[in-house]
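In what follows, a structure is listed as structure tokens, so that the remarks can point back to it.
There are 2 protein chains.
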Amino acid sequence: MVNRAQRSSAGGGVGFVTTRFFTFAEGPEKFRLESGEELGPVRLAYETYGTLNEERTNAILIQHGFSGDAHAAGYHHGADAPGWWDGMIGRGRTFDTDRFFVISSNVLGSCKGSTGPCAINPATEEPYALTYPLLTINDMVNAQKRLIDHLGIKKLFSIAGGSMGGMQVLQWLASYPEMVHSAISIATTHRHSPQQIAFNEVARQAIMADPHWKGGNYYGKTAPANGLAVARMIGHITYMSDGSMAKKFGRDPKEDRHPFKFMPQFEVEGYLKYRGNSFVKRFDANAFLYLTKAMDNFDMAGGRPLHEALTSVTAKVLVVAYTSDWLYPPHHSREIVKACKVAGVDATYCEMESGYGHDAFLVEIEELGRLVGPFINKLYENAVRKAEHGLGIRSGHRRDTGDGGGWLKRFGRWLWGGRIVGAAFPG
Amino acid sequence: MVNRAQRSSAGGGVGFVTTRFFTFAEGPEKFRLESGEELGPVRLAYETYGTLNEERTNAILIQHGFSGDAHAAGYHHGADAPGWWDGMIGRGRTFDTDRFFVISSNVLGSCKGSTGPCAINPATEEPYALTYPLLTINDMVNAQKRLIDHLGIKKLFSIAGGSMGGMQVLQWLASYPEMVHSAISIATTHRHSPQQIAFNEVARQAIMADPHWKGGNYYGKTAPANGLAVARMIGHITYMSDGSMAKKFGRDPKEDRHPFKFMPQFEVEGYLKYRGNSFVKRFDANAFLYLTKAMDNFDMAGGRPLHEALTSVTAKVLVVAYTSDWLYPPHHSREIVKACKVAGVDATYCEMESGYGHDAFLVEIEELGRLVGPFINKLYENAVRKAEHGLGIRSGHRRDTGDGGGWLKRFGRWLWGGRIVGAAFPG
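These protein sequence lines are chains P and D, in that order.
Those letters in the first sequence? Residues 81 to 507, by the working numbering.
Those letters in the second sequence? Residues 81 to 507, by the working numbering.
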């Protein structure tokens, strides 16, 4: 499990990484989905950073957002840009790879290496397209659970994610409460509101209105690029705030002030068109349909009072929302926290001042780290302290051991099983 | 100018009405647009309600929003629904047709009877399509000015409108301050923000992505209905609030709870699709492009400080915004009021509590009337009082005349020229 590229990395980053694949349900017993339909074999793309300790207790599962992938940190060979949450993951970073074993898995249904509608159906040797079964957030989490089982991990030290990733965090708490020691839910909701559904529906209509979509059977032919670009543009507006757009673009004209005939004239128009068109190169239109539908159908408590979905949760929960996020506004997060309190769950709420809208959790990494870092490290230290206490070691002894944490490695194993790798504790 | 249908109307409505047309720039001298291009002949569709007094001083110009038309009040023969602001216009209604002569004119560039891109260009005998010149809010107002001149009106008692109609109200103040006695700006902005531009741009991209659009040359062929429907759906989301959507739809499934394969499943999805598809029957895709672009380019002060565009204004101004309107949020209206104050303009601001979002000015007619009614009637009474004072009549005499307002009809004519038709004044 050791990531060799990490060792050669400089400046805290995890260095070069490669995406791996885990395949299950290869035999006659298929993977059963919430809809009752079955799928198999199922492949998940994933990456890991840091080292899993012997007791397999230091794993943190990172959940990506709607259009994300398994590549959360480090560099792929030949790529200019690092993974999507690189600033959060690495030596001395928020998810410290000197302490933690970080797993990032691509969701089921995606087009980023996992089995989604663009994958080949072995029964027909054609892409699934719309024969792919309807997918839920629950199904994504159940597939991830197979990966976590495969890695031999009984309990995740933490799970963290924003947006659709946050929904997976919440679903993990509801589905596998005994497997989660702590959870970080960021800029998300426990169920999609009609406005959120509406934006997704219009985006889907834009894709399906493209004549190249052809009921989803466009593989090997012309992709519904125009429809997908429009769909992405809609998304982009919801990810930014009015303020962040004003700051980034103002009403700046693109070049020539003379406004003419529906070519992008303002900077914001050119930006949206550019982002829409570049998205087309990296994303599949059918995956867009399935993943947005999964979000729209997400209702963590399934219509029950929300706290009833949280009664078995023992994890410590951190809920983060951003003031200018109007896609998943703070009041959604406050409902989650309230339900946690009603269910007796140890939950902390933090509403962060930001002008970046929903994008903030991907943009304001430093601010997010300042919040998540202490939360996760405090839990880590508590776990270690618990181990010490169980062995009758007073915490004051720590500083005097002088063996660079060696005693921790020896004793920490006891209660919570931590093989501490180069941990540095504040005095 | 007497509207005969009005006389036969019951319950305060103006009864049956018909749309009229005013054509100008028919000769060699064409109508010059802000872009420098010329257009002619130019036709405007308009309706009037109530009676213009002899002195032509009791006219109120109503401005419709983006997809509206001249039909603001009353019924067209054979139609089930009245005009779009019917609840505001009629006997004893906010714009009281017993007092006022109400004019509603369709904007230049629209597809609702005025000369727009779907009109026939007499030079080519083909629809203008994209040979139609680029249009601005300023151009719309300049065309309306021709209509007002044609009606022999030197000064409008008031102008009122919401959304794009509000932009026209503001542009009237900037362009023809001497012609405006009062102005009511509702749920609008003095210039489009990047977010507003972004929504419009995505809607335009949706239209232009439709292969039936064919560079605008779809007349007589298949219209770009799918693209236009998607464009309208985007608009609809921005007109409602998250709260009004939740109230109207919740997460109610349409019929069968079993969510499947991208057919509208939630009520909100079905509603958007229905509204999008019905819009296609009543609106022209090219008009959508031109009118949204006019809004995007709108910048009342043309880059100068806003108050500089208002220095010549003598009108009393009422600015109305709605708390849940996130398309034209209240802070835009507050900027307008602030600039009025800096320019020494008598402006009143009212932020109305509403859950209906931008739609509120079309939905919450009663609440709007409670605000606008006293504003407009106070001005009316002041004007009459001024006339009394000019003739040395003390206001206390009013009650004792006992001739049902006959003295007002006689004397009111003097200063502000009001031929008061059945006015009822509070004691």
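Glycine residues also receive a C-beta, built at the ideal position from the N, C-alpha and C atoms.
A distance below 8 Å separates the beta carbons of glycine 356 of chain D and valine 310 of chain D.
Judged by their CB atoms, threonine 211 of chain P and glycine 242 of chain P are not nearer to each other than the 8 Å cut-off. In its chain, beyond the 5 residues on either side, Ser404, Trp406, Gly435, Tyr436, Gly437 have a beta carbon closer than 7 Å to the beta carbon of serine 321 of chain P.
Put simply, the segment 376-394 of chain D does not touch the segment 285-297 of chain D. Fewer than three CB pairs are less than 8 Å apart.
Residue environment: alanine 203 of chain D is assigned as exposed (fewer than 16 neighbouring CB atoms within 10 Å of its CB, all protein chains considered).
Only those residues of the segment 287-312 of chain P whose C-beta falls short of 8 Å from the nearest C-beta of chain D are listed: Met288, Ala289, Asp290, Pro291, Asn306, Gly307, Ala309, Val310. Not a single C-beta of chain D is nearer than 8 Å to the C-beta of glycine 167 of chain P.
Pairing tyrosine 351 of chain P with arginine 331 of chain P, the inter-Cα distance amounts to about 13 Å. Assignment of phenylalanine 279 of chain D by DSSP, reduced to helix, strand and coil, places it in the helix class.
Glutamine 248 of chain D has a beta carbon lying at 8 Å or more from every beta carbon in chain P. Under a criterion of Cβ atoms nearer than 8 Å, the residues of chain P adjacent to proline 344 of chain D are, in order, Glu281. Taking 4 residues as the shortest admissible run, the segment 190-277 of chain P contains the following complete alpha helix (DSSP H) segments, listed from N- to C-terminal end: 217-230, 244-255.
Taking 8 Å as the threshold, the shortest C-beta distance from lysine 353 of chain P to chain D falls below it. For histidine 261 of chain P and arginine 414 of chain P, the gap between their C-alpha atoms comes out near 21 Å. When Cβ pairs closer than 8 Å are counted between the two stretches, the segment 181-196 of chain D is seen to touch the segment 144-162 of chain D, the count reaching three or more. Pairwise C-beta distances place the segment 391-405 of chain D out of contact with the segment 359-370 of chain D, as fewer than three of them are shorter than 8 Å. The segment 458-467 of chain D makes no contact with the segment 422-429 of chain D; the number of CB pairs closer than 8 Å stays below 3. At least one C-beta of chain P is nearer than 8 Å to the C-beta of methionine 325 of chain D. Beta-bridge analysis with DSSP links arginine 112 of chain D to D:Glu118.
Scanning chain P for C-beta atoms nearer than 7 Å to the C-beta of leucine 188 of chain D yields nothing, as the closest lies near 17 Å away.
Taking a cut-off of 8 Å on C-beta distances, the segment 220-229 of chain D does not touch the segment 172-181 of chain D, as fewer than three cross pairs fall below it. Contact between the segment 89-107 of chain P and the segment 115-127 of chain P is present: three or more C-beta pairs spanning the two stretches fall below 8 Å. The beta strand (DSSP E) runs lying completely inside the segment 137-179 of chain D and spanning 3 residues or more are 139-143, given in chain order. Taking the beta carbon of alanine 278 of chain D as reference, the chain P residues within 7 Å of it are Ile317, Met325, Val348, Leu352, listed in sequence order. Near chain D, meaning a CB-to-CB distance below 8 Å, the residues of the segment 257-275 of chain P are Arg271, His272, Ser273, Pro274, Gln275. In this structure, D:Cys430 is the residue among D:Gly300, D:Glu258, D:Gly116, D:Cys430 with its C-alpha nearest to the C-alpha of arginine 450 of chain D. Look at glycine 330 of chain D: its C-beta is under 8 Å from a C-beta on chain P.
For arginine 414 of chain D, the uninterrupted alpha helix (DSSP H) run begins and ends at 410-422, by DSSP.
Under the 8 Å criterion on CB atoms, leucine 119 of chain D is classed as non-interfacial with respect to chain P.
Proximity of isoleucine 416 of chain P to chain D, defined by a Cβ-Cβ separation below 8 Å, is not satisfied. Taking CB atoms only, arginine 384 of chain P has no neighbour in chain D less than 8 Å away. Leucine 236 of chain P places its beta carbon 8 Å or farther from that of leucine 390 of chain P.
In the three-state scheme derived from DSSP, where H, G and I count as helix and E and B as strand, serine 358 of chain D is classed as helix. Bounds of any alpha helix (DSSP H) do not take in tyrosine 436 of chain D, whose DSSP letter is neither H nor E. The criterion of a C-beta distance shorter than 8 Å is satisfied by glutamate 127 of chain P and serine 184 of chain P.
At a C-beta separation below 8 Å, arginine 284 of chain P has these neighbours in chain D: Phe342.
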